[in-house]
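Note sheet for the following structure.
Protein chains: 2
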Amino acid sequence: MNFSTLYKNTLLEDVVPFWEKHAIDYDNGGYFTCLDTKGNVYDTDKFIWLQGRQAWTFSMLYNKVEKNEKWLAIAKNGIDFLRKYGMNEKGDFYFSVTKEGKPLVQAYNIFSDCFAAMAFSQYAIASGNEEVKELAKKTYFNILSRIDNPKGKYEKNTDTRPLVGFSLPMILSNLVLELEAVLDADEVEKTIDYSIQQVMEVFLDKKSGLIFENVLPNGEHHDSFNGRLLNPGHGIEAMWFMIDIGVRKNDKALINKATQTILNILEYSWDEKYGGIYYFMDSKGHPPQQLEWDQKLWWVHLETLVALAKAYEQTQNPDILKWYHKVHDYAWSHFSDPENGEWFGYLNRQGEVLLNLKGGKWKGCFHVPRAMYQCWKAFEKIEAKKNN
Amino acid sequence: MNFSTLYKNTLLEDVVPFWEKHAIDYDNGGYFTCLDTKGNVYDTDKFIWLQGRQAWTFSMLYNKVEKNEKWLAIAKNGIDFLRKYGMNEKGDFYFSVTKEGKPLVQAYNIFSDCFAAMAFSQYAIASGNEEVKELAKKTYFNILSRIDNPKGKYEKNTDTRPLVGFSLPMILSNLVLELEAVLDADEVEKTIDYSIQQVMEVFLDKKSGLIFENVLPNGEHHDSFNGRLLNPGHGIEAMWFMIDIGVRKNDKALINKATQTILNILEYSWDEKYGGIYYFMDSKGHPPQQLEWDQKLWWVHLETLVALAKAYEQTQNPDILKWYHKVHDYAWSHFSDPENGEWFGYLNRQGEVLLNLKGGKWKGCFHVPRAMYQCWKAFEKIEAKKNN
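Top to bottom, those sequences are chains B and A.
Final position of the first sequence in my numbering is 371; the numbers increase by one with none missing.
Final position of the second sequence in my numbering is 371; the numbers increase by one with none missing.
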């Protein structure tokens, strides 16, 4: 079986059916995401990141794979829940709510809003619903208005050490393309240029070629826990966002720089002893604060497969292909679970399953189906070129 | 070598010298706690929990082991730093500051205040300093005034699910004995009774015999991530606080109940495959949210040794002795580092060193020396009884 077929079949016959079967809360709306190995619900709390992400996934499948009315209905189930229970009176999105939609954790986390905006935008395209389209736009501008102080009163850091984080510029580079259908062209171009500059000039370190998680506003490094922190999966994921932008702008230099950065990060963060990519590292080799630093996470490996597939599609770089096979062999043999469906999320350093779950507080219906779709499409093009 | 000598020698010839040699910041005051295997400083941020804890440790050593002026001076170095830089204008203690004392993370964490109060009280006894004694008292009452909303504006949970946490009642039961010298007798008795009732009636589950980390105010359990959470080390540590209170009150029933609870928790949370006590568990066996759940932490094992030594001293229960030997063998063979001094803090499930540090954001000069002192004294009594 070629890779495009592997990814397509896994998406349509394994991953999507798993979430269709186990995750939909038809009584209350929204989705259950705390699913054990077999898909049984072990907790009913609803985390807004994951509500938005699943609504996005099913909208995207409807828009890009097949006009399947069941998928549209599943997307609507999440969109309606988000509109009804997801936000506070200011339009900021909660972090979590009960299964019935009562707020549990306040709107301290702006990524809830980012994933809601993505969901609204994809669903607006799928459904043609103008209200949802307006809500996507409103949520996007609300995110921009909070960008300098995303945590609001919940921010515990003082102004003493003004580090800025990579997550928000990184996600903006994806969000703006996701929202292209609802935003003015000027806004899209401006935000793309801003995010390229932030990701590739401010957070990408010229010397090491690595992406730092937190830097001073001018891009300088700070010798502190947060200032030394590397999150390899984050850096690699951002590189496929950059490749998408490079393709859109026909910017070969950007594509090549992103490709080289993927290689830099992989060489730095591959576990030579047990295989897999570390979750967190310290740029000076000091002990990180994150006790889970050596664990192997599903999304890190899936985003890496997407990044490598896209980089190879664009560059045919043989080093990228070598890394693709290495990461492919590790990821498919350790995370996937063809017997029960979906992928495991968390392995220990040695590669054994650490938590027997398919979904939880942070893992839902998102990275696996998105990566399956992206790799399917990238390999279709790679294989078509080879056959010509 | 008998156990009392092992603990005494390790305290005085290994652990205390390690912190004396590597941790004191004579330039800025306070202590460095981010120390690598050999004691080299790898980060200079100062975490207020650990500043208070080290000042407490050296004051306690001065008060209980030897009137060593060097120890008093080391304690003063931390006390002065805490008084000058540790608190905001309301008298609430920051979570962390720079090495020079500039605030980094706001006063969202009331345990900073608890350890500062403990340090002030011990140092007041050591030095006779009346101002510090007043500050201990003031800090204690400030903690009580914040007890219903300890995180203040930084609290992200809504009122939807009014779970209460074990940490605060647990620490109060130790804090109040620590502050006996500065508080009125009535206040001490009242708080002791409150903490016994909270720990042994509200958080100790009658059915399983385990301590739950979060319960509804009436002690009922809630089927949610926080409601199912067990922190075995926490529960066991609280049991030696209860035994201390039981001895003080000559309450045999309390001592026996605490002893039985230690056994219950150990039987539930011992890793039969690799040895050691899990860090976090879910009372229904579901995947916990804490990715570090299966790691083996120094403080969990040291607090267990203290609890078992005290329980054995009081009860001569043979099951306790069996467990003592089992935990002793695991802990001394996995955490201690006689070559470089101090104990490692974090092992993976398999028992290998996960972070090559002796101190960091959460590990300082506290659990190791306190446990060495407590076990030394308990075994002195156990051995004296045996020899009579």
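Each residue gets a CB set at the ideal place from its N, CA and C atoms; glycine is no exception.
This structure is a prediction, so every number in the text was calculated from the model and none was measured.
Check, Outcome
"Can a CB atom of chain B be found closer than 8 angstroms to the CB of P0/A?", "no"
"Using the beta-carbon of each residue, which ones in chain B are nearer than 9 angstroms to L340/A?", "H269, P270"
"Give the interface partners of Y329/B over in chain A, defined as CB-CB distance under 9 angstroms, in chain order.", "P270, L274"
"In its own chain, which residues sit with a C-beta less than 7 angstroms from the C-beta of Y45/B, not counting the 5 before and 5 after it?", "N51, W54, L55, A58, A109"
"Does the beta carbon of V88/A sit closer than 8 angstroms to a beta carbon anywhere in chain B?", "yes"
"Give every residue of the same chain whose Cβ lies closer than 6 angstroms to the Cβ of W39/B, excluding the five residues on either side of it in the sequence, and list them in chain order.", "M101, A102, Q105"
"Can you look up V230/A in the DSSP assignment and give me helix, strand or coil?", "helix"
"Could you say which of K(-9)/A, S(-13)/A, V24/A lies nearest to K4/A if we only look at CA atoms?", "V24/A"
"Can you tell me whether L155/A is buried or exposed, with buried defined as 16 or more other CB within 10 angstroms of its CB?", "buried"
"Less than 8 angstroms between the beta carbons of G84/A and F64/A, yes or no?", "yes"
"Run through chain A and tell me which residues come within less than 8 angstroms of N140/B, C-beta to C-beta.", "L87, V88, Q89"
"Sorted by chain position, which residues of the same chain lie with C-beta nearer than 8 angstroms to R66/B's C-beta, five sequence neighbours on each side aside?", "V115, L118"
"For K134/B, which option in V171/A, K139/A, K279/A has the closest C-alpha, if you only look at C-alpha atoms?", "K139/A"
"So the beta strand (DSSP E) D26/B belongs to, where does it begin and stop?", "24 to 26"
"Are the C-beta atoms of D131/A and some chain B residue less than 8 angstroms apart?", "no"
"Pull up the DSSP beta-bridge partners for W359/B, would you.", "DSSP output for W359/B lists no bridge partner at all."
"Determine the direct distance from the alpha carbon of F1/B to that of D320/B, and round the result to whole angstroms.", "11 angstroms"
"Between L33/A and T16/A, how many whole angstroms is the CB-CB distance? I'm expecting something under 8 angstroms.", "4 angstroms"
"Taking F318/B and Q37/B to be in contact with their CB atoms under 8 angstroms, please state how far apart those CB atoms are, rounded to whole angstroms.", "The pair is not a contact, with the Cβ atoms about 19 angstroms apart (cut-off 8 angstroms)."
"So the alpha helix (DSSP H) P86/B belongs to, where does it begin and stop?", "It is not in any alpha helix (DSSP H) - P86/B instead sits in the beta strand (DSSP E) that spans 86 to 88."
"Examine chain B for any beta-carbon lying closer than 8 angstroms to the beta-carbon of F208/A, and answer yes or no.", "yes"
"Specify, as a first and last residue, the run of the alpha helix (DSSP H) that D63/A falls within.", "52 to 68"
"Using a C-beta to C-beta distance shorter than 8 angstroms, which residues of chain B count as neighbours of D277/A?", "N331, L337"
"Should P86/A go down as buried or exposed, given a rule of 16 or more other Cβ atoms within 10 Å for buried?", "buried"
"Taking only beta carbons into account, state which residues of the segment 10 to 38 of chain A come closer than 7 angstroms to chain B, listed in chain order.", "Y25, D26, D28"
"What residues match up with V319/A in a beta bridge as DSSP calls it?", "Position check: residue 319/A holds Ser in this sequence, whereas Val was assumed. The partner list for S319/A (beta bridge, DSSP) reads W326/A."
"Under three-state DSSP, which class holds V(-2)/B?", "helix"
"Got a sec? Which residues, its chain only, sit under 7 angstroms from P145/B by beta carbon, not counting five neighbours each side?", "L199, P200"
"So, does the segment 259 to 277 of chain A touch the segment 340 to 355 of chain A, judging by three or more C-beta pairs under 8 angstroms?", "no"
"Can you tell which of A292/A, A107/A, P270/A, K256/A has the C-alpha that lies nearest to the C-alpha of F(-14)/A?", "A292/A"
"Going by alpha carbons, who is nearest to S42/A out of I31/A, G61/A, Y251/A, F30/A?", "G61/A"
"Count the C-beta pairs between the segment 325 to 337 of chain B and the segment 268 to 280 of chain B that are closer than 8 angstroms, then say yes if the count reaches three, no if not.", "yes"
"Who are the Cβ neighbours of N11/B in its own chain at under 6 angstroms, not counting the five residues just before and after it?", "K82, E83"
"Can you tell me which of L158/B, V48/B, Q272/B puts its alpha carbon nearest to the alpha carbon of S95/B?", "L158/B"
"Could you check the C-alpha separation between T174/A and A164/A for me, to the nearest Å?", "14 angstroms"
"Would you kindly work out how many angstroms separate the C-alpha atoms of A374/B and A354/B, rounded to a whole number?", "Limits of chain B in this structure are -16 at one end and 371 at the other, which puts residue 374/B out of reach."
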